[in-house]
Amino acid sequence: MTGTLFHAILAQTGTGLPTTPTTPTPTTTPASTFPTILLTALIFSSMAIAVIILFLPERTRDQRGRIRIMGLVGAAIPMLFTLGGLNFQVSQEFSGGTVSFEEKHAWVTSFPIHIDYHLGVDGISLPLLLLSTVMFTVAVLAAWKNETRPRLFFVLLLLLETGVNGTLCALDGVMFVLFWAMELVPSFLLIAIWGGTGRLRAAQRYLVYGLISTALLLAALLLLAFKSQQNSFDFDLTNTVGLTPAIAFTGFWLSVAAFAIRLPVVPLHTWMPDAVAEASPPVSAIISGVVLKLSAYGLLRITMSAFPLGVGRFSFVLAVFAVVGTWWGFAGALGTRDIKRLLAYISIGQMSGVLLAVSAGQSIALNGAVLLMLANGFGIGLLLLLAGTLEERARTRDITRLGGLVWQMPRLTALWIVGGLTAIGVPFLAGFAAEFMLFTGAFPVHRWATVLVMVGLLLNTGCVLWMLQRVFFGNAREAFARIKDASTLELFYLVPLAAVAVLLGLFPGRLLPIINNGVLSVVSRINGG
Amino acid sequence: MDAGIGHFLALSALLFAIGAFGMLARRNLLGVLMSAQVMVAAATVALAAFARFGYGGSRPLSGAAFAFFVIIGGAAEVLVATAVLLLVHRRRESLDVDELDDLRG
Amino acid sequence: MYNLAWAVVLLPLGGFLFAFLPESPRRAAQVCITFTAAAFVVSMILLLYRVAHVKDNPYQALITFWTFDPGTKLQGGFISDFHAQIGVLVDNLSCVMMAVVSLVSLLVQVYATGFLRRDEGGYTRHFAGLVMATFAMLALVASPNLFGLWVFWELLGVCFYVLVAHWWDRPEAAAAARRMFLITRIGDLALLLGLVFVFAKFAASVAQVPAAAGQTATDPFNFFVMEKQFSGAIAGHVAGTGPRTLIILALLVLLAAAAKSALLPLHTWVGRVFEEAPAPVTALLSTVTMSAAGVYLVARMYPLFEVAPHVASVMAVLGALTAVIAAAVAVAQNDIRRLLAWSTTSQVGLMFAALGTGAYSAAIFQMITHAWAKAALVLAAGSLVAAYRTTDIREMSGAWQHMRATSRALAVAAASAAGVVLLAGFWSLGAILAGVMRNQFPNGAHVAGWVQALVVVCVALTVLLGAVAPMRMFFQASLGELPRRRGFQPQRVREVGARVVRPTALLAGLAALGGFMGIPGVRAGFSHFVFAGTTRGADDHALAGLVVVGVLAVAGAGVAWAAHTGRVKVPSTGRAGALVAGGLRLDAAYDWAVANTVLRAAPVVATVDDAVRERVLDEVGEVVETAAEAGRRWQVGRIDAVTVSAFAGVVLVAGAVVLGATGHLPFTGATR
Amino acid sequence: MSVNGIVFYAFAAVAVVAALGVVGLPELRHAAYALAGMGAAVGLLFLLVGNELLFAVQILVYGLAVPAVLLVAVTLVGGRSRDQGAGWLSSWWPVAVLVAVGTGALLLGVVAVSGDVWVRGDYALDGKAVTQPMGDLIFKRYALPFGVSAVLLLTALVGAVAIGRRDDLEDELEAAEAARRHREERMRRRREDRERARAAQRPAAVAGQAEGE
Amino acid sequence: MHAAMLAATTTVSTQSSSPFGPLVDLWPEGILLAGALVCIALAALRPRTGIATYQWISGFSIVAAAGTNFVYLRGMPTRAASPGYVAYANGLVVDRFTLFLTATLCAFALFTVLLGTLLSERIRTHLGEYHAFLLLATLGAVLLVSTREMISMFVAVELLGVSTVLLVGTVKTARRGGVAAVKYLVAGMVSSGVLLYGLALLYGIGGSTDLIEVAHTATHANAATVLAMSLVLLGLLGKVGVVPFQRLLPDTMQGAPAPVLGFVASLGVTAVLGLFLRVAVTAFPAVQSNWTALVALVAAVSMLYGSVLALRQQSVRRLVGHLVLAQLGVTLMGVLGWQQDKQGLSAALFALATSGLAVIAVAAVITLVEASGTSDSVQSWRGLSRRSPGSAAALTAALLSIAGLPPMIGFFARIFTMEAAVLAGYAWLLVLALVCTVIGAVAALRLVRAVYAAAPDEDALPLEEPGTARAVLAVCGVAVVGLVAAVQPLLALASGGAGAVIVR
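Residue numbers (the working numbering), protein chains in the order written: chain A, 51 to 579; chain B, 7 to 111; chain C, 688 to 1359; chain D, 121 to 333; chain E, 10 to 513.
Structure (structure tokens):
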């Protein structure tokens, strides 16, 4: 991948001639030559491993080690599948069609409204699948030292991964809900068992909000299935049918509410800092970095694709929510002393950017939004894992009680800076291209909202920097004298994550054709395609 | 004036209501059981009356046959109920509806 | 040949990457310096080639950072590809800038090897940061489009965030870095908005612009494309745009430049940075990078300001006021670092005043001469501070005997900065004054007469006042005997070594002699090489400018001498004096404003969140739970509860259904 | 008013009075007698509608067998509510009155407005014996219910015996049962103690955790 | 003996007869009865017989009874126009509906039998009778789902009810068992009375005990018809245990021995609700809007009551009971879309079969847990996942299935019933069902949280897991998840059954 990129650079730098953007070259190999069981295998391999782990004993050290290895295998297999698929698509430039690796089998046909076993990835879900699988692999490594009930932990984590990957691959409404809700219980338990002191309440809130979101989503999908007269939950079919405005608006708001709860959008966000702060580091990284991205994905996949009328009609309202979200995220980040809560608020602010892109409904903005999901996922995920390592060492997450840690942990500090700069969109890191495209795309539609969101995100930047400065800089403190820098294991999973953030910032162009391919199909619905 | 279907049905309804009251109001479970039999009797009266005055429609006397089975079923029910009540009484020394309150939220 | 521009840009980046390879910090510094030196050499080659081939068209080469075809109509009905390209542009301006930037950076780095102690932590980081900042600035000046410029503009900010916070164990240093970063982020944001605005307004019409050689016709951010777009917009040829569009865009660009270059009222970070950052960082920052970036941005976007003369007027006034106020404040400073900071602000203000009145060449010229002089001053000041262990110039004296070379450099650089006759500053200040008096943009536009009058007066005043501060600093520090005070170590007042002295001296030499390249009337002069528009403007008022500047500068130097000898009191007492001496206290005002708005509001938000979560949303759940609990308690175990509820329910339901069926119930919704 | 009518009213009155006795007599023994009386009265009403078979079965089952079984049961349990002072009515009897009145009103109301909705056939009862047709019905058309009724009675009998008999093993089982309950009780107490101890240790700030079961 | 007697009677068969001739339509019933009789006889002759023997006998009977389904199925007409074999004046209808439910009921009964091992110590004085009652209750249930005639219906209801009472009270020494039996009995008397009076009125209107004929005769939506309909349906629903008999299931489940708990909440509920489906769609074409309104009302209130009250239950058994109640409400919601094109009945049948499996799984876990001496309070179930990971996993899956959460099979049941209700025009019920699903899921997950997130009591014993119970647990637990892959076949079967029950 990078090889071809450098080749391209050299080819272009060698001449002073005008350069043309690389156009996708049509290839003759159709995507369907790839084995079409790929996605099923990808989704369910982690579940299968989880089942195997369920039957492994965990009494001795060796046995626990075996469980960890299995956990890693269970997370790595989907990642390898995803990388393979991504590589394939990068070389194909998605010329085989919008959706690839498609699997479609009739599932439930006895009912008036059919359900299909329909999987497939397009340009939106494939990069997110990369995010998900990488983050899960990293989370397994981050939980390597966990000695309390590792079996249950890995089982739940892998089940969670199945749910997340399934949601990303589902192309049928019922399957989407199925996987969407499937992650609910594992993540609930993951918070409730391995979290901090307030974990039970946090888990309970997480659960209730998640359930409400699922119910709203189900209502929206049922409405869609019933009113589109297509007799199927399949996204392919239902999405093509025009709905009456009243129905479209109702469905739009139902789905927006469902996803807004989990995105989260202010004022439905209050559960989120709680859950992120109380969950253990790998879990909070997964929840904030991956699981919450699913709702952003859902906004694109369901809200925009199925209820484009609503997006057009209520675009301004969404933009207002986006503005409020960024500013609220900023204020919350400024007002908290807990590092993880701060990161959660930053995430809230950034995800409001996705909402802005959705409200704009422009392809450039949506491309930026997808990139932003990736950047935020990797960046916030990295930061939350780092917060975990920090808390493990310093025994506190209170910013005011930390300081001067760079003396003890320079490597981790460097990673913190990479993560922070990624999150705030500094050039050549992952957030940069995302925010730039997002703003560029959204500005023509919502000028003032875009400006306000930009300012809000700028202020978010300040919060991150301030936090970094207070925690890491300043005089070395006696209390932290015994703190050690990153261990090899930690570097082993943190550095690749940082590297991904950097690579994504350096070469977003490699992903953009893929992403755009998916975004175009969404945008075409908005424009009445 | 001969007694017509209406009379029998009125009697049946009355008996049913009385039985219902007994079921709800009697304190002793044996009394509840007896009241239940009043309700069953109310139903048989209605069935028999329909069989007589309605002539059973296309199926003559079906109602009367139904009443027959109801009576037999009622007897079986009383038998089992009595046995269970005796069992409970043996354990609990009480058959009062408000004292047997183990099963609660 | 022009491909060498890639080498200029990328060599410092290579230096950055290779700086981490060697184990020893010294080697790392050497690597950085070597790469920077190579970049300087190549840039000189490039410059000389360009001088020889001045008729060539500008050269561009691009890397497509990312691009894609959105493939759909945007709202408003236009179609445009999106380009995010970075690359190199070689024209006269960028050639000159590259050479100056790499030269100053090289000298600063050499100085830094002597200035910083190697055993200190962060040595390597410091050099890596310097070379990375050099890369960012080189790439910035070489950018052929606004997008690339913005990218490196941001990168520059990040680099200096790290550099300024070099001594990050001091909270003040970190705070200064943060303050700088956040204020310049305002500029970044403005520039980003400008980019977005350009795309929104001009992306549709790029297809109409004929592609010049070496350009991508469809990139709306390209400077040459934009130039055509702007003239098209003012002529009404671009749909959806007009003078208002241009004014908004120009204001955004001006805001960006003002934040980066620290014009009033966004100047507050400069003083803190001068106080907290190491001298090499300050030298680099105040001369050819941060301050220069803003000036360069305006210079690059000059076609925009030509067609938006109102904004140009604003810029001129802003620059002029900044110049004169900062110069006045600088006079009142006793802290050597603050003095230099205000002096820098003042000089940058002059550049903006020049740019705002059409004196394009003069501004660039001033930027370059100022770079040399101010770099020399800052480096020399750094040496002095290190020697005297104080930053108060009143506590320094007698350097002439013990630090001869530094003092000489200081003298020359101060005189040059003051505009003493025949030194570099003299020529450039003269050019600025002449340009301001000329008041003509390349396209013939000009700012209003009263604006011009104001600007001329301000510039003249600035020259007078601006001469005082550096000269006073020189007199105070160099002349006289060594101070006698408790704890002072006279033996420390000596030259550190050649690595410190030589760069300073070299820069001072440039500050002395470099001005001859810009003597008006000379055919190969600076303004013949770097100018805005297609043809060079006239040289009116050149002599007048020079004469005025010469007189004023000498007068200023005299005032400085008078102040040094005590015949003139520096106004540092009284309310106004304190305000001036304290640098207008705007930063404190900002702090107060932030602390009393945002920081007050933020905890409220967290409280509101908690309250919403616990008082409202949890309460809703609590209501259900209470109902459930009540229902559970209501489930008394007694047996007649079963029968009563069942029978009552049956009667109610059956009754309702029967009554509903016979129409006796008002609600018939159930019977559908 | 014809003889038929008079007889109906007489038997109906007896049935109602007896039913009231069943629900209203404080002594269960008396109530059982009243049940027998009601059974007999209803049986006579069956005779009035000309169904000898039903009459016979009703008299046998509800006039004799059921009251007898119940009387035995009453005797075994002691005849009346243990708590004499609390009376024979449960404490919720006003609700019961309401419900019963509602039931009666509903049924009687519907009967009152439904004079002509009932199916009318052409089968004339007068002068025809119903026992033979009844037998045909029960043994042919309703052979399946008949068989099932037999199974039902068998079940009831076996069940009554199985539930009602007092086994030798019962004491032993009871002891085991008591041990189970005792153990559960002990565990519950211990757990509550632990909960209290934990709650006492925990600072108020993290009381949220106390919620966990 | 009975078989012989039955064989001797002539039948009134109106439609096609089975491959065995009319008299042998009672194969499953006969086998079950024979099994019961063998059990009774064995108990009388050899009182010391161990439970394994009885389990073999009962299991064999049940499997054989279910096996005859295949024989029936072989010659079963597929066209809805001639839905199956009919005998005894519609008292016995063998169609796909019957076969589907018979198989389901037999499965439930078989699981219950297998769970009995852990109960055997406590009922060793009447092991034979216990199994006989199980088989007889199954017999009653099978009869219930294969009749559309009042008298057969009533007698079968009585048989099922009497057997269930005996089963609930089967642990004579248990403090709560007897009370639960009494409660079940008393509630059963109320519902029997209501049902009986309704049937009497219906007979008066329709002039026949055959519901088909009643449907043909009772063509006016007058007050009497509506009242009869209401009473019949409410009586049947009372046997099921939904609102207004909302206390029946939680109370019975709280007091009954654990295997019987599952039996009542799966087999008992399924049988009566199956009958309810048949009666509702067969007998009341004239008052269709009224009975759907009634069902909608009952469904709504049941869902709401069950899910809300489940939230704070202290007893695991009552918690499950309320969840089942809510699930029954959802099932009833499917009945609203009873017409063939809306597939509501298939949804309801699907829901019954799947939720029964889940309930049995929960019952199996309760059996195991209580056999280790743990009480049924949620508190004492804390940390179960460490005492028995398998049970905890199966319990979680089953609870989520009952609560209707994805990706369990119960979710599909909910989706289908919701769809059917919406197709029938009850969108408001969909909204309510979603709300209730959320609440019910919270309630279910409260138990899951206790099972997983808390530490077990120090003195809690590890669970003993005898083979049969573990097998039941494994089968049901896997089925609850794994049947997701087989939704379509199962639904197709249910759909075939639903198609048969609608008589045109």
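Just so it is clear, CB atoms sit at the ideal spot from N, CA and C, and this is done for glycine as well.
Partner residues on chain C for V103(B), Cβ-Cβ distance less than 7 Å:
Under the 7 Å cutoff, chain C gives R1325, I1326, D1327.
Thinking just about the alpha-carbon of each residue, which of P331(A), I533(A), V572(A) is nearest to the one in T463(A)?
Per the Cα distances, I533(A).
In this structure, how does DSSP classify T446(E) when only helix, strand and coil are distinguished?
In the structure shown, T446(E) sits in a helix (DSSP, three-state: H, G or I).
According to DSSP, is W238(D) part of a helix, a strand, or is it coil?
In the structure shown, W238(D) sits in coil (DSSP, three-state: anything other than H, G, I, E or B).
If contact is defined by three or more beta carbon pairs under 8 Å, each pair taking one atom from either stretch, is the stretch 65 to 85 of chain E in contact with the stretch 159 to 173 of chain E?
Contact between the stretch 159 to 173 of chain E and the stretch 65 to 85 of chain E is absent, because fewer than three Cβ pairs lie under 8 Å.
The stretch 830 to 843 of chain C touching the stretch 875 to 892 of chain C, judged by at least three CB pairs closer than 8 Å
Enough Cβ pairs lie closer than 8 Å, so yes.
Distance check for N909(C) and L833(C), CA to CA, integer angstroms please.
Those two C-alpha atoms are separated by around 6 Å.
Rounded to a whole number of angstroms, what is the C-alpha to C-alpha distance between A473(A) and A966(C)?
One Cα belongs to A473(A), the other to A966(C), and the distance between them is close to 31 Å.
Tell me the rounded alpha-carbon separation between L250(A) and L349(A).
In this structure, the alpha-carbon of L250(A) lies about 29 Å from that of L349(A).
Would you please verify whether the beta carbon of V90(B) is less than 9 Å from any beta carbon of chain C?
No, because no Cβ of chain C sits closer than 9 Å to the Cβ of V90(B).
Specify the secondary structure class of R98(B) as computed by DSSP and reduced to three states.
R98(B): helix per DSSP, three-state reduction.
Tell me, please, whether the CB atom of S5(E) is closer than 9 Å to any CB atom in chain D?
Because chain E here runs from 10 to 513, residue 5(E) falls outside it and cannot be looked at.
Should the stretch 210 to 223 of chain E be regarded as contacting the stretch 182 to 193 of chain E, the criterion being three or more beta carbon pairs within less than 8 Å?
Taking 8 Å as the limit for Cβ pairs, the verdict is that the stretch 182 to 193 of chain E does not touch the stretch 210 to 223 of chain E.
Can you name the residues of chain E whose CB is closer than 8 Å to the CB of D8(B)?
Using a Cβ-Cβ cut-off of 8 Å, D8(B) is close to nothing in chain E; its nearest Cβ partner there is about 18 Å away.
For the stretch 321 to 367 of chain E, which segments carrying the alpha helix (DSSP H) assignment without a break, of at least 4 residues, lie completely within its bounds, in sequence order?
Runs of alpha helix (DSSP H) with 4 or more residues, each lying fully within the stretch 321 to 367 of chain E, are found at 325 to 345, listed in chain order.
If we ignore side chains and look at the alpha-carbon of each, how far apart do P80(A) and L169(A) end up?
Residue placement at P80(A) is poorly supported in this model, since its pLDDT is 45, which falls under 50; the coordinates are not used for a value here.
Out of curiosity, what's the CA-to-CA distance linking H1133(C) and N1126(C)?
CA-CA distance, H1133(C) to N1126(C), rounds to 6 Å.
According to DSSP, is W753(C) helix, strand or coil?
Residue state for W753(C) is assigned as strand, using DSSP reduced to three classes.
Counting only beta-carbon atoms, is E38(E) nearer than 9 Å to chain A?
No, E38(E) does not count as interfacial toward chain A.
Classify I119(A): buried if its beta carbon has 16 or more other beta carbons within 10 angstroms, exposed otherwise.
By the 10 Å Cβ count, I119(A) comes out exposed.
Chain C beta carbons: is any one of them nearer than 9 Å to that of G111(B)?
Output row for G111(B): interface = yes.
What residues of chain C sit near L148(D), judged by a beta carbon separation below 7 Å?
Going along chain C, no residue has its Cβ under 7 Å from L148(D), so there is no contact; the nearest lies around 16 Å.
With 16 as the cutoff for other CB atoms within 10 Å, does K742(C) come out buried or exposed?
Under this definition K742(C) is an exposed residue.
Could you give the residue range of the beta strand (DSSP E) that holds I165(A)?
I165(A) -> beta strand (DSSP E) spans 165 to 171.
Should N525(A) go down as buried or exposed, given a rule of 16 or more other Cβ atoms within 10 Å for buried?
Result: exposed.
F357(A) burial status per 10 Å Cβ neighbour count (16 or more: buried)
Counting other Cβ atoms within 10 Å of its Cβ, F357(A) reaches 16 or more and is therefore classed as buried.
Own chain, CB closer than 6 Å to T72(A), minus 5 neighbours either side, in chain order:
Low per-residue confidence applies at T72(A): pLDDT is 39, beneath 50, and the placement is therefore not dependable, though the value from the model is reported in the following sentence. Cβ neighbours of T72(A) beyond the five flanking positions: none.
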